[in-house]
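Those protein sequences? They're chains B and A, same order as listed. Read in order, the letters of the first sequence are residues 142 to 314 in the numbering used here. Read in order, the letters of the second sequence are residues 641 to 1043 in the numbering used here. Notes follow the structure.
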Amino acid sequence: MFEEFPYEELPSRVPLLYGRKVLELFRNPKNLGRMDDADAMAYAGSPVCGDMIAMYLKISDEEVVEKAKFESYGCAANIAAASILTEMITDKKLEEAWKISWRDVTKELGGLPSVKYHCGVLAVGALRRAIRNYHERKGKLPDWIPKGETLEEKQALEEEELAKVLSKRFKLE
Amino acid sequence: MRSAKELIEAHGPVERDVYLDLENSSPVLPEVVEAMLPYFNERAFGSPTITHKLGWEAYEAVMEASQRMASYIGASSPEEINFTNSETEANNLALLGGCIANKDKGFKVVVSTAEPLSVDFPCRALLPKIGFNVIKVPVNEEGFVIQERFEEALDKGTILVSIAAVNHEIGTIQSLKELVEIVRDKAPNALFHTDASDAYGRVPFNIKELDVDLATLSSYKIQGPRGIGALYVKEGVKVERIIEGQMGTQTLWPGLENVPAMVGFQKASEIAFKNFDEDVSHMRRLRDKLIDGILSSIKDALLNGPKGDRRAPDNVNVSFLRCVGEALTMELSFKGVYVSTGSACTRRITLPSHVLMAIGRRHEEAHGSILMKISRRHTDEDISYVLKVLPEAVERLRSISPA
């Protein structure tokens, strides 16, 4: 039998009134593109989710983000969130970059419609995964990185898992 | 509450406007507006149920609209046309009212997996809540109901079947006559309802030939005014009222009749059927110009739905891989081309269109889908312009994507 989406996941089509900043960054994203010589990179989301961000970091010996770039498969909010985050972390110590939350990203964008909060979450999730991977590869996590995943990392994973479950459900028929 | 003003300002001017989002709303034809205007405050603005001159004028207008529309679909009498305020209401009336009126015969309802939301949602929520059992029959990769599965689902306890004449998203022209015959044979107690919103005025649709019991018609989809729809109810078929209030000229949908909108709906219908064959070949030609142009100039683009005569003449639905529909909708807007996408954002995830899932598209294919509908008033220049700007839009979004 055909299995349904959980009813609470049904789209509401509330009008998506983006702010000027989102529009600007959608049309002219900053720091866009791959970085082949990145010191750290990570993805969050997946094509199945309809949202995916790749975050690339060039990191100095002093653990400062010298350059950050992104790629995004997603909506305007997704592109804008990733773009603004790259600007927010450039020239910052990794420790400071780590502390940026999805709320900070949303605020910097001049707010987002609530159904788009997950775009900020995904951008921060990708950044933190990149920073965590970077330190894990070095063999030691600094004390400012908690052992367990933070909210944004967890939610990025949750979104990826949910998308997998939903796409499997539809294939049952 | 954020204002849309700054978005509109930031949008800026465009080279040319091509509105292809006729699925969601449409510009009302100028002749239709003109026909409606006197009915707001010059004449016939009374209630058609009251015995004075303005009431009689209104009554006359309602009757004429019903009569004309009955004739366009081959109905036997104007009493078979029941106006509602939208096709959403007409579909809800058909499903709920049809089930409740027939509940002594059984409790099974059969629909397909690709029905419009005003059929799909009542089937998910309202009908099960009041004790009806909804069976969803799958469609094939082109959106046609799989007939063997349809037959299997039907029995004597089936009281209502609802299959759209033309799929609203992918333009599949269903073999409705065959499906009705199957229902008459396997489910003699069932009413056959069809949402004909996407057939009316664009695909030949004759009630008598098809022998359906209930059919939904839409005004805005033929560039009539919004705020009006209709449900055809075959003479002798019983449907229960689902809202109550002051009865007017019609007994199934209480409330003051929207006479100017009925006049507009009638006028838009008149225009749609005036040069029907010419208009349909015009739309079909532009449709194929758009489809062929897209598929030949943009790689990794997939047409959703059937080709040729089995597809509605106005429907173009294409998935662009490595693009997200919502972003493409915005990107095209900045170029003056207005379209829509099947995918919609929820709190946690982007949900693909249930129709594209039903025809077996993968999520990543569905997320990049764009729906465009061609009207009888579009021109070759409009389509050429779309074909000029669409590849750039897709290319820019793909250049951002890591996938």
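Note that CB positions come from ideal geometry on N, CA and C, so glycine has one too.
Residues of chain B with CB under 8 angstroms from residue i, in chain order?
i: A/F974; result: R168
i: A/L735; result: Correct list: empty, because the minimum Cβ distance to chain B is about 17 angstroms.
i: A/S983; result: G191
i: A/A650; result: R161, L164 and E165
Using CA atoms only, rank isn't needed, just tell me which of the options is closest to residue i.
i: B/G191; options: A/N944, A/Y659, A/G965 and A/V823; result: A/G965
i: A/G738; options: A/V759, A/K861 and A/R924; result: A/V759
i: B/G215; options: B/F167, B/E207, B/H276 and B/R269; result: B/F167
i: A/V750; options: A/G869, A/M703 and A/Q787; result: A/Q787
i: A/R925; options: A/E700, A/H1018 and A/S726; result: A/H1018
i: A/T891; options: A/F747, A/L871 and A/H651; result: A/L871
i: B/S201; options: B/K295, B/Y275 and B/K309; result: B/Y275
i: B/G160; options: B/L235, B/K281, B/K233 and B/E249; result: B/E249
i: A/L800; options: A/D853, A/S837, A/I690 and A/S859; result: A/D853
i: A/E727; options: A/T834, A/G876 and A/K848; result: A/T834
i: A/K748; options: A/K769, A/N773, A/I713 and A/N732; result: A/N773
i: A/I847; options: A/Q863, A/P992, A/V777 and A/V820; result: A/V820
i: B/A183; options: B/L303, B/E236 and B/A297; result: B/A297
i: A/H1007; options: A/H692, A/L1030 and A/G982; result: A/G982
i: B/V265; options: B/N219, B/K234, B/D180 and B/L303; result: B/N219
i: A/T753; options: A/N780, A/P768 and A/R683; result: A/N780
i: B/E228; options: B/V256, B/P254 and B/V206; result: B/V206
i: A/A644; options: B/P254, B/A185 and B/G186; result: B/P254
i: A/N664; options: A/P718, A/L757 and A/A650; result: A/L757
In three-state DSSP terms, what is residue i?
i: A/F685; result: coil
i: A/L854; result: strand
i: A/Y699; result: helix
i: B/M142; result: Because the pLDDT at B/M142 is just 31, under 50, the model does not fix this residue reliably, and the point stays unresolved.
i: A/N898; result: coil
i: A/N957; result: strand
i: B/P292; result: Strictly speaking, residue 292 of chain B in this sequence is Leu, with Pro absent from that position. Helix.
i: A/M1012; result: strand
i: A/H833; result: strand
i: A/N722; result: strand
i: A/S1041; result: coil
i: A/L819; result: helix
i: A/L968; result: helix
i: A/N664; result: coil
i: A/N773; result: strand
i: A/R656; result: coil
i: A/K929; result: helix
i: B/Y159; result: coil
i: A/T798; result: strand
i: A/K1044; result: Outside the displayed range of chain A (641 to 1043) lies residue 1044 of chain A, so it cannot be described from this structure.
i: A/V977; result: strand
i: A/L669; result: coil
i: A/I813; result: strand
i: A/A715; result: coil
At a CB-CB cut-off below 8 angstroms, which residues of chain A make contact with residue i?
i: B/E212; result: I1040, S1041 and P1042
i: B/L235; result: Those within 8 angstroms of B/L235 in chain A number zero; the least Cβ separation is about 22 angstroms.
i: B/A217; result: E966, A967 and M970
i: B/A195; result: P1042
i: B/I225; result: In chain order: nothing, as chain A lies at least about 14 angstroms away.
i: B/I220; result: A967 and I1040
At a CB-CB cut-off below 7 angstroms, which residues of chain A make contact with residue i?
i: B/I306; result: Note on identity: in this sequence residue 306 of chain B is Val, with Ile being the wrong assignment. Per Cβ cutoff of 7 angstroms: no residues; B/V306 is ~10 angstroms from chain A at best.
i: B/V189; result: H1003 and E1004
i: B/D192; result: T990
i: B/L173; result: I1040
Are there any heavy atoms of the ligand FAD lying less than 7 angstroms away from the beta-carbon of residue i, as far as the coordinates show?
i: B/E300; result: Inclusion of the ligand FAD in the displayed structure is not the case, the ligand content being empty and no account of it being possible.
What does residue i touch in chain B if you count any residue whose Cβ is under 7 angstroms from its own?
i: A/L647; result: L158, Y159 and L164
i: A/A644; result: L158
i: A/H1045; result: The question about residue 1045 of chain A has no answer, for chain A in this structure spans 641 to 1043.
Give me the chain B residues within the contact set of residue i, using Cβ-Cβ distance strictly less than 9 angstroms, ordered along the chain.
i: A/R611; result: The first residue shown for chain A is 641 and the last is 1043, placing residue 611 of chain A beyond what the model contains.
Legend entry - Minimum length 3: unbroken beta strand (DSSP E) runs contained in the region 175-258 of chain B: 181-187, 192-200 and 206-214
Legend entry - Inter-stretch contact at 8 angstroms, needing at least 3 Cβ pairs: the region 883-897 of chain A / the region 758-775 of chain A: no
Legend entry - Three or more C-beta pairs below 8 angstroms linking the region 792-808 of chain A and the region 835-855 of chain A: yes
Legend entry - Cβ contact (3+ pairs, closer than 8 angstroms) linking the region 940-959 of chain A and the region 789-797 of chain A: Counting Cβ pairs under 8 angstroms, fewer than three are found: no touch.
Legend entry - Segment contact flag, the region 668-688 of chain A with the region 904-911 of chain A, C-beta cutoff 8 angstroms, min 3 pairs: yes
Legend entry - Touching by the beta-carbon criterion (3+ pairs, under 8 angstroms), the region 649-657 of chain A and the region 1005-1018 of chain A: With the cut-off at 8 angstroms, the region 649-657 of chain A and the region 1005-1018 of chain A do not touch.
Legend entry - the region 218-238 of chain B touching the region 169-180 of chain B, judged by at least three CB pairs closer than 8 angstroms: yes
Legend entry - Every unbroken beta strand (DSSP E) within the region 854-926 of chain A, with a cutoff of 3 residues, ordered by chain: 854-858 and 869-873
Inset, instruction - Check whether the region 917-933 of chain A touches the region 959-976 of chain A, counting contact only when three or more Cβ pairs, one atom from each stretch, lie closer than 8 angstroms. - result: Using a Cβ-Cβ distance cut-off of 8 angstroms, the region 917-933 of chain A and the region 959-976 of chain A are not in contact, since fewer than three pairs of beta carbons, one from each stretch, lie closer than that value.
Inset, instruction - Flag this pair as touching only if the region 945-960 of chain A and the region 693-705 of chain A have three or more C-beta atom pairs under 8 angstroms; answer yes or no. - result: no
Inset, instruction - May I ask you to verify whether the region 281-294 of chain B touches the region 250-269 of chain B, counting CB pairs closer than 8 angstroms and requiring at least 3? - result: yes
Legend entry - Segment contact, 8 angstroms Cβ cut-off, at least three pairs: the region 809-818 of chain A with the region 721-735 of chain A: no
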